[in-house]
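Peer 1:
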DNA sequence: GAGTGGTCTAGACCACGCT
DNA sequence: GCGTGGTCTAGACCACTCT
């Protein structure tokens, strides 16, 4: 048996599959071998492989299509939008979001930033600042921080254009796929500078979304703080 | 075969089980028949029953204990706390929350309120106002609205005491189990009155959590608006 | 020891996508 | 027509709980 020892067999099969995705044996969007072939290769029964594949599908790591096969999940604009963007307009309509770049530069991380990204002190990072507009008016002020090492040319050449959906871009351009994110939400008062950028008065209430995004192997690769004017939109959370 | 027609068998088995919970054939905390007995009774194979039970377990409707059996999920203080209370202290510690009742009275619903609770216009409702404290200082101002019809004596006699975990109370006292909730989050500025109750200045930013809680059969039974002082705590959301 | 859920196996048949 | 995943079945064995 090729799978490592210890614990239930289907969990070990899961680990093998995850490891192959991490090692880029199978890349996002790519097709996995069929259940039967995987079962034969790993020396387990098809039912065990099926259980592993189904759990990974439930965790949004894979997706399956009857008649076609099993694929590694990847960021399409749709998936990115629905999974990682929880702001919705007050009227429920999903308006096309556009973004305006304010800054994009490389610099050294301070202590807190290095800690958040699990980097050595003083590591180089790329800082992106932008404003996202929903329905024409500025609504979200974002500061994004990523390790420079993982994003080689980002912020060096003056890339005037960055796509609105960054996770699609991370994946296609740098081979970095975001699988999970933790968000902490607060209400804060806008500083004079923030207020000006969003067309508000200083002290106006803003929804602060503090997000750490992590890859499949659990490394944090993005720290993002979004400040939202929630007069015309809100953050949606479903508790089950 | 006892299960109704149409669609995959295991989904029909799920529907049968859900219906029995709704009809209180099996009550929260109660023990279901074993897989084998259920399979025999419904005339399907044990594997099919198992698949249905596992999906319902994943949806937090049931829980299973090896060697003991399968039970209908119920609100314990723990479960209520972990599933439906997403505020965490800034230092990550979960402090015991206490609450102070401001008001609890029956009255007629206005248009918006009736709409939110899916009630006829002018229906009687119970309104609860309270302040929740985390670590000694007031942090959350809550207004809770429930249909008077479903909560017979609530708010009539002056119940000076209401437990901190209302969902446990709803279930034990009125047989109403909350299974899901939708929350919409915003940042707002505190009114003078709100600020006074929370020990803040007027205009201070507050996190507004607008929640609709629904039962297993999909009926909304509680509308709750929580206003949180998020200087020392935050709302946690995990995106997967 | 009896009963429960958890795991693992094996195979049949169906629905779907492609060629 | 072929290969894929989706469903359904049947049974063996293990781990756990309780008496």
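Residue numbers (this note's numbering), protein chains in the order written: chain H, 1 to 240; chain U, 1001 to 1240.
We put the CB at the ideal spot given by N, CA and C, even for glycine.
Is any beta-carbon of chain U found at less than 8 Å from that of residue 75 of chain H?
Peer 2: Here residue 75 of chain H refers to the residue found at position 75 of the first chain. No, residue 75 of chain H lies away from the interface with chain U (no Cβ there is under 8 Å from its Cβ).
Peer 1: Can you tell me whether DSSP reads residue 77 of chain H as helix, strand or coil?
Peer 2: Taking the first chain and counting its residues from 1, one reaches residue 77 of chain H at position 77. Residue state, collapsed to three classes: helix.
Peer 1: Round the Cβ separation of residue 1104 of chain U and residue 1140 of chain U to the nearest angstrom and send it over; I've been treating them as touching at under 8 Å.
Peer 2: Counting from one through the second chain, the residue named residue 1104 of chain U turns up at place 104. Counting from one through the second chain, the residue named residue 1140 of chain U turns up at place 140. Actually they are not in contact, since the Cβ atoms of residue 1104 of chain U and residue 1140 of chain U sit about 17 Å apart, beyond 8 Å.
Peer 1: If distances are taken between C-alpha atoms only, which option among H:150, H:174 and H:99 comes closest to residue 143 of chain H?
Peer 2: Walking along the first chain from the start, residue 143 of chain H turns up at place 143. Comparing Cα positions, the closest option is H:99.
Peer 1: Can you determine whether any heavy atom of the ligand FAD sits closer than 7 Å to the C-beta of residue 63 of chain H, and answer yes or no?
Peer 2: The model depicted lacks the ligand FAD and carries no ligand whatsoever.
Peer 1: Nearest CA to the CA of residue 1108 of chain U: which residue from U:1101, U:1102, U:1097 and U:1120?
Peer 2: Residue mapping note: residue 1108 of chain U aligns to position 108 of the second chain, counting from 1. Looking at the Cα atoms, U:1120 is the closest of the given residues.
Peer 1: Please report how far the alpha carbon of residue 1035 of chain U lies from the alpha carbon of residue 1126 of chain U, in whole angstroms.
Peer 2: Counting from 1 along the second chain, the entry for residue 1035 of chain U is found at position 35. Counting from 1 along the second chain, the entry for residue 1126 of chain U is found at position 126. Each residue's alpha carbon lies about 42 Å from the other.
Peer 1: Any beta carbon from chain H within less than 8 Å of residue 1057 of chain U's own beta carbon?
Peer 2: Sequence index remark: in the second chain, residue 1057 of chain U carries index 57 (1-based). Residue 1057 of chain U does not count as touching chain H.
Peer 1: Should residue 223 of chain H go down as buried or exposed, given a rule of 16 or more other Cβ atoms within 10 Å for buried?
Peer 2: To locate residue 223 of chain H, count along the first chain from 1; it is residue 223. Buried: at least 16 other Cβ atoms inside 10 Å.
Peer 1: Give a yes or no on whether 8 Å exceeds the smallest Cβ distance from residue 117 of chain H to chain U.
Peer 2: For the purposes of this step, residue 117 of chain H is taken as residue 117 along the first chain, with counting starting at 1. Chain U contact via Cβ: absent.
Peer 1: When you compare only the Cα positions, how much space is there between residue 1001 of chain U and residue 1077 of chain U?
Peer 2: Here residue 1001 of chain U corresponds to residue number 1 of the second chain, with the count starting at 1. Here residue 1077 of chain U corresponds to residue number 77 of the second chain, with the count starting at 1. Only weak support exists for where residue 1001 of chain U lies, its pLDDT of 49 falling under 50; the value from the coordinates is given anyway. C-alpha separation (whole angstroms): 40 Å.
Peer 1: Leaving out the 5 sequence neighbours to the left and right, which residues in its chain are closer than 7 Å to residue 229 of chain H when beta-carbon positions are compared?
Peer 2: As a position in the first chain, residue 229 of chain H is number 229, starting the count at 1. Correct list, in chain order: 139, 198, 200 and 206.
Peer 1: Taking the alpha-carbon positions, what's the residue 22 of chain H to residue 115 of chain H distance?
Peer 2: Counting from 1 along the first chain, the entry for residue 22 of chain H is found at position 22. Counting from 1 along the first chain, the entry for residue 115 of chain H is found at position 115. Roughly 23 Å separates the two Cα atoms.
Peer 1: Taking one C-beta from the segment 1208-1222 of chain U and one from the segment 1179-1190 of chain U each time, how about it: are there three or more such pairs within less than 8 Å?
Peer 2: Result yes; three or more Cβ-Cβ pairs closer than 8 Å.
Peer 1: Whole beta strand (DSSP E) runs in the segment 1163-1220 of chain U with 3 or more residues, listed along the chain?
Peer 2: Within the segment 1163-1220 of chain U, the complete beta strand (DSSP E) runs of at least 3 residues are 1178-1189 and 1205-1215.
Peer 1: Taking C-beta to C-beta, are residue 1111 of chain U and residue 1156 of chain U nearer than 8 Å?
Peer 2: Here residue 1111 of chain U is taken as the residue at index 111 of the second chain, counted from 1. Here residue 1156 of chain U is taken as the residue at index 156 of the second chain, counted from 1. Not in contact: residue 1111 of chain U and residue 1156 of chain U (Cβ atoms no closer than 8 Å).
Peer 1: Using a Cβ-Cβ cutoff of 7 Å, what residues of the segment 209-233 of chain H are near chain U? List them in chain order.
Peer 2: Of all residues in the segment 209-233 of chain H, 230 have a Cβ within less than 7 Å of some Cβ in chain U.
Peer 1: Suppose the cutoff is 8 Å on Cβ atoms and the five residues either side in sequence are ignored; what does the same chain contact list for residue 1009 of chain U look like?
Peer 2: Locating residue 1009 of chain U in the second chain gives position 9, where the first residue counts as 1. Once the five neighbours on either side are set aside, the close Cβ partners of residue 1009 of chain U are 1003, 1044 and 1048.
Peer 1: Determine the direct distance from the alpha carbon of residue 1134 of chain U to that of residue 1082 of chain U, and round the result to whole angstroms.
Peer 2: Here residue 1082 of chain U corresponds to residue number 82 of the second chain, with the count starting at 1. Here residue 1134 of chain U corresponds to residue number 134 of the second chain, with the count starting at 1. About 16 Å.
Peer 1: Whose CA, out of H:188, H:12, H:62 and H:164, lies closest to the CA of residue 33 of chain H?
Peer 2: For the purposes of this step, residue 33 of chain H is taken as the residue at position 33 of the first chain. Of the listed residues, the one whose Cα sits closest to residue 33 of chain H is H:62.
Peer 1: Return helix, strand or coil for residue 1 of chain H, following the three-state DSSP convention.
Peer 2: Locating residue 1 of chain H in the first chain gives position 1, counting from the first residue. With a pLDDT of 49 at residue 1 of chain H, under the threshold of 50, the modelled position of this residue cannot be trusted; read the value that follows with caution. If DSSP states are grouped into helix, strand and coil, residue 1 of chain H belongs with coil.
Peer 1: Grab the span of the beta strand (DSSP E) containing residue 89 of chain H for me, first residue to last.
Peer 2: What you label residue 89 of chain H is simply residue 89 of the first chain in a count that begins at 1. From DSSP, the beta strand (DSSP E) with residue 89 of chain H extends over 87-89.
Peer 1: For the segment 10-29 of chain H, which residues have a beta carbon sitting closer than 8 Å to at least one beta carbon of chain U?
Peer 2: Correct list: empty, as no residue qualifies.
Peer 1: Which residues in chain U sit within 9 Å of residue 236 of chain H, going by Cβ to Cβ distance?
Peer 2: Looking up residue 236 of chain H in the first chain gives position 236. The answer, in chain order, is 1182, 1183, 1184 and 1185.
Peer 1: Please tell me whether residue 188 of chain H has its Cβ less than 8 Å away from any Cβ of chain U.
Peer 2: The residue you call residue 188 of chain H lines up with position 188 of the first chain. Interface residue, yes.
Peer 1: The alpha helix (DSSP H) spanning residue 40 of chain H covers which residue range?
Peer 2: By 1-based counting over the first chain, the position of residue 40 of chain H is 40. Note, residue 40 of chain H: alpha helix (DSSP H), 35-42.
Peer 1: If the cut is a Cβ gap below 7 Å, which residues of chain U does residue 203 of chain H touch?
Peer 2: In the first chain, residue 203 of chain H corresponds to position 203, counting from 1. Under the 7 Å cutoff, chain U gives 1203.
Peer 1: So what does residue 16 of chain H bridge to, in DSSP terms?
Peer 2: What you label residue 16 of chain H is simply residue 16 of the first chain in a count that begins at 1. Paired residues: none, contrary to the question.
Peer 1: Can you give the beta carbon distance from residue 1130 of chain U to residue 1102 of chain U, rounded, assuming they're within the 8 Å contact cut?
Peer 2: For the purposes of this step, residue 1130 of chain U is taken as the residue at position 130 of the second chain. For the purposes of this step, residue 1102 of chain U is taken as the residue at position 102 of the second chain. Residue 1130 of chain U to residue 1102 of chain U, Cβ: 6 Å. Contact.
Peer 1: Please go through the same chain and pick out, in chain order, the residues whose beta-carbon is closer than 7 Å to the beta-carbon of residue 202 of chain H, but skip the five residues on each side of it.
Peer 2: Counting from one through the first chain, the residue named residue 202 of chain H turns up at place 202. 190, 191, 192 and 195, listed in sequence order.
Peer 1: Give me the residue from H:5, H:12 and H:74 with the minimum Cα distance to residue 31 of chain H.
Peer 2: Residue numbering aside, residue 31 of chain H sits at position 31 when the first chain is read from its first letter. Considering only alpha carbons, the answer is H:74.
Peer 1: Where do the ends of the beta strand (DSSP E) carrying residue 1161 of chain U lie?
Peer 2: As a first step, residue 1161 of chain U is located in the second chain; it is residue number 161 there, counting from the start. Taken as a continuous stretch (DSSP letters only), residue 1161 of chain U belongs to no beta strand (DSSP E), as it is neither H nor E.
Peer 1: So with Cβ pairs under 8 Å, would you call residue 102 of chain H a contact of chain U?
Peer 2: Within the first chain, the letter at position 102 stands for residue 102 of chain H. False, the Cβ-Cβ gap to chain U never drops below 8 Å.
Peer 1: Beta strand (DSSP E) containing residue 62 of chain H: first to last residue?
Peer 2: As a working mapping, residue 62 of chain H is identified with position 62 in the first chain. Segment 62-65, the beta strand (DSSP E) holding residue 62 of chain H.
Peer 1: Tell me whether residue 1126 of chain U sits in a helix, a strand or coil according to DSSP, three-state version.
Peer 2: Position 126 of the second chain, counting from 1, holds the residue named residue 1126 of chain U. Three-state DSSP puts residue 1126 of chain U in a strand.
Peer 1: At the level of alpha carbons, what is the spacing between residue 171 of chain H and residue 152 of chain H?
Peer 2: Counting from one through the first chain, the residue named residue 171 of chain H turns up at place 171. Counting from one through the first chain, the residue named residue 152 of chain H turns up at place 152. Cα to Cα, residue 171 of chain H sits roughly 13 Å from residue 152 of chain H.
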